[in-house]
Amino acid sequence: MTDTDLLRAVHGVLLAAFDGTDVPAWIRDAEGLGGVCLFGTNTPDAASTARLVADLRAAHPDVVVTLDEEGGDVTRIEAATGSALPGASAFGTVGDVDLTRRAGRALGDLLRACDIDLTLAPVVDVASDPDNVVLGSRAIGSEPDVVARHGAALLAGLHEAGVGGCAKHAPGHGDTAVDSHLGVPVLDVDLATLQARDLAPFRALADAGVDAIMLAHLVVPALGDGLTSLQPATTRLLREAGFTGAVLTDALDMGAVLERTGDIGEAAVQALLAGADLLCLGSPAHVDEGTFRHVVATLAAAVESGRLPRERLTEAATRVARLRRRHEGPVPTLDGALAALAEVGAEAARRASEARGDVTLRPGDGLLDLRFRAAYAASSTHDVAPRVLTERLGLVAGEPAGRRLAVLTKDRSPEVAELLARRPDAVVVHVGFPTAAPEAANRVLVHGAGRASAEEAARRCAPREDWRDLVGLQAPTEERNPRSLELDTLDSAGVVATVLAEDATVAAAVAAQADALARLVDAGVAALAAGGRVHYVGAGTSGRLGALDAAELLPTYGVGTEGFVAHLAGGPAAMLRAVEGAEDDTEAGAAAVAGVGPRDLVVGVAASGRTPFVGGALAAARAAGAATGLISNNPHATLAAEVDVAVLLDTGPEVVTGSTRMKAGTATKMAINAFSTAVMVRLGKTYGNLMVDVAPTNDKLRARCVRMLVQATGAEVADAAAALAEAGDIRTALVMLAADAPLGVAREAVAAHPPDPARVGDPGGLRTAIAAARAGA
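Written out as structure tokens, the structure reads:
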């Protein structure tokens with residue numbers, strides 16, 4: 021092995037880190053570099069992260085790119101804003117493995133959009149000690165089977181997105197009292213307990229195909245006196261359990277490692293000899309170019325002296341290479357991935373949160389942060405929760421005289437107990453592991469201090485609108501219909517006749533808003549043409565109609581969630597069963613549209629025109645610079661003044677008073693149909709009145725595609741079917757048949773004249789393409 025070969029082999033087992041958003045020269049020059057771990061200084065936002073990863077891959081096409089993206093308190097891509105996911109304990113508390121899987125998929129989509137190979141998650145330490153200072157809400161739960169189920173579910177979601185996962189921190193950090201960043205934790209249990217409790221989730225994750233397992237820096241006397249990351253016993257237990265993937269070390273710059281070895285280079289040698297495959301050197305705050313070169317030199321010297329077998333480097337590099345995931349399929353958009361993550365995160369935070377007593381807080385009330393210090397893994401997001409609570413609720417830092425007091429806690433402490441003894445009326449907002457919450461009469465549990473958890477706490481503590489104020493709501497749908505006052509005295513035919521007579525008035529109510537609908541269509545076309553999305557936001561019947569429309573656009577026009585997305589109060593479960601109180605949740609509405617930006621259009625759908633969930637979403641959308649619209653059945657809609665375009669469908673009183681699933685729902689469906697159809701036509705999704713971007717995913721749709729080609733060109737069925745099979749899409753097949761052109765000419769003509777809403781008279785470009793193909797043929 022030449023010196024160059026040796027350096028490449030040594031580089032191949034190192035997980036390096038650096039500061040900033042530009043790849044430094046020493047990283048570019050490290051031939052054969054195994055991996056790079058990104059930290060908060062590298063990832064100010066998702067777009068910057070994606071650009072940095074692209075630069076890394078330009079320098080090292082085979083490098084493994086990873087980061088600590090757990091959600092909750094530990095995030096890198098969302099470090100500036102706080103994670104859109106609550107802490108892992110939220111998922112263990114809810115107990116819905118499908119929710120956990122969906123969260124993993126949403127997280128994976130964001131990582132995939134940034135071209136990340138591997139996230140250092142899930143955390144599958146069993147939280148046996150509720151006062152554990154390292155884990156808190158990062159832990160899924162205190163029962164091994166719960167941790168195993170949800171860890172595997174999150175991993176499954178990551179894999180669906182094409183991203184790898186790394187289970188941590190083996191053999192288990194859940195029953196320790198010292199942070200390994202600072203000292204040496206001790207897990208003092210017998211081997212039987214270690215196997216049955218702490219290692220059980222790691223075995224389950226190995227069976228589930230986890231890509232990597234990270235070793236903790238702690239001492240387990242039952243395994244020996246050394247650190248578990250620097251002695252072979254831990255890795256041997258993992259291999260005996262059937263794990264064949266890569267073993268990673270936790271950061272080698274931690275206090276526990278340096279206390280035992282005195283030198284990071286020596287620690288690297290010991291870790292490889294103990295069976296580790298990829299060495300995480302640590303944070304760029306402590307590990308720089310000089311440290312990197314020192315580790316490289318130490319490892320090379322160990323190989324040359326015979327202390328470290330060269331075969332160990334080769335074996336490790338083979339496992340590291342398997343971490344480089346080769347993604348397949350379309351890449352999610354960053355905006356779409358962020359929005360989807362925010363939606364599932366808000367749902368998880370809401371379902372996991374718990375409140376007792378009177379937790380109402382008002383502007384001017386005080387806020388004391390008694391968490392005292394940030395966990396090292398989460399230090400960059402420590403200020404998120406106080407910031408969200410002060411902004412959302414108008415709280416002020418400190419303990420103002422004569423005002424209520426909120427107390428932010430992560431664990432039990434004498435200081436918290438003393439304050440609660442003095443202020444028993446205080447509202448405790450607990451962001452740590454649930455069982456570590458202090459006893460308090462007024463308390464909210466929210467599983468982490470990231471954005472999702474903080475916004476859920478703000479939602480729980482916000483003053484509620486008094487239902488009495490709604491008794492006099494000015495809305496035609498809440499008035500009694502004079503034509504159905506005696507409805508209950510009619511027979512079946514009479515009831516049906518009354519309902520249908522009222523329904524006959526709906527079309528006129530929609531037609532009266534044609535101009536407003538056209539303006540909303542223009543806003544939708546502008547959003548999609550600019551690369552943004554249309555977001556429907558609603559509750560109950562109104563929200564379901566938006567969700568239905570968004571779902572139908574994929575098979576009809578080939579437009580999925582990259583174009584239209586629906587946010588339903590109460591989450592996807594509310595599509596089939598009403599979720600009580602969800603429509604009154606202003607903060608959940610705001611969270612639902614987290615990630616929207618100036619290119620998007622957010623359309624509130626609310627029969628009453630005042631739904632808090634919709635109002636929260638529209639306010640958040642405006643603050644983000646997005647265009648906004650409203651579809652309502654109340655000409656006095658209070659939200660109308662808050663949007664760019666309001667479509668107010670005055671359908672009058674319902675046959676059954678207040679039952680907006682009737683005329684109001686019919687009118688809303690008509691208006692939404694007109695809106696989305698007009699947007700699709702303007703974007704060139706039709707040729708005449710034929711859909712030309714249908715996805716032929718079943719026999720009915722395949723037949724429709726052939727039939728449309730016959731109708732558009734007059735071709736025989738067999739010729740239309742053959743053209744479709746040859747071209748692979750309706751547009752090219754249509755040009756082939758209409759222009760009597762070969763495939764190559766037709767494909768070139770279609771590519772040269774793509775859809776363009778600014779092309780008056782031919783937004784789809786097909787008329788122009790047919791003319792060009794005829795000339796070219």
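For my numbering, count along the sequence shown from 1 and bump the result up by 20.
Even glycine gets a Cβ: it sits at the ideal position worked out from N, Cα and C.
7 Å Cβ shell around residue i - same chain, five flanking residues per side excluded
i	result
residue 775	703, 704, 783, 784 and 785
residue 391	428, 429 and 430
residue 793	755, 759, 761, 765, 766 and 769
residue 504	518 and 675
residue 615	355, 358, 359 and 362
residue 637	557, 587, 609, 610, 612, 613, 622 and 624
Inter-residue Cα distance where the pair is residue i and residue j
i	j	result
residue 154	residue 199	6 Å
residue 173	residue 27	39 Å
residue 135	residue 74	8 Å
residue 186	residue 451	24 Å
residue 120	residue 96	20 Å
residue 108	residue 312	33 Å
residue 419	residue 463	18 Å
residue 297	residue 110	32 Å
residue 248	residue 158	21 Å
residue 64	residue 98	7 Å
residue 162	residue 245	26 Å
residue 574	residue 388	49 Å
residue 666	residue 656	11 Å
residue 652	residue 669	6 Å
residue 285	residue 116	44 Å
residue 373	residue 466	5 Å
Beta-carbon contacts of residue i that lie in its chain and below 8 Å, excluding the five residues immediately before and after
i	result
residue 752	763, 766, 767 and 770
residue 239	204, 205, 206, 207, 245, 246, 247 and 248
Buried versus exposed call for residue i [16 or more other C-beta atoms within 10 Å across all chains shown]
i	result
residue 654	buried
residue 603	buried
residue 720	exposed
residue 709	exposed
residue 630	buried
residue 471	buried
residue 607	buried
residue 424	buried
residue 540	buried
residue 217	buried
Which of helix, strand or coil DSSP assigns to residue i
i	result
residue 597	coil
residue 787	helix
residue 213	helix
residue 605	coil
residue 274	coil
residue 248	coil
residue 365	helix
residue 314	helix
residue 436	helix
residue 386	strand
residue 561	helix
residue 530	helix
residue 754	helix
Range covered by the alpha helix (DSSP H) that runs through residue i
i	result
residue 506	No alpha helix (DSSP H) contains residue 506, which DSSP labels as neither H nor E.
residue 700	683–702
residue 374	Counting along the chain, residue 374 falls outside any alpha helix (DSSP H), though it belongs to the beta strand (DSSP E) covering 374–376.
residue 119	117–133
residue 413	404–413
residue 170	164–180
residue 295	From DSSP, residue 295 is part of no alpha helix (DSSP H); its letter is neither H nor E.
residue 747	737–747
residue 58	First-last for residue 58: 55–58, but that is the beta strand (DSSP E), not the alpha helix (DSSP H).
Cβ-heavy atom distance, residue i to the ligand COA, below 8 Å
i	result
residue 151	In the structure on display, the ligand COA does not appear, and there are no ligands present to speak of.
Delimiting residues of the beta strand (DSSP E) encompassing residue i
i	result
residue 652	647–652
residue 234	232–235
residue 391	Here residue 391 belongs to no beta strand (DSSP E), and DSSP marks it neither H nor E.
residue 190	184–190
residue 467	Premise fails: residue 467 is in no beta strand (DSSP E) and is neither H nor E.
residue 584	584–588
Proximal residues to residue i (C-beta, below 6 Å), its chain only, five neighbours per side dropped
i	result
residue 364	122, 123 and 126
residue 436	390, 429 and 458
residue 740	726, 729 and 730
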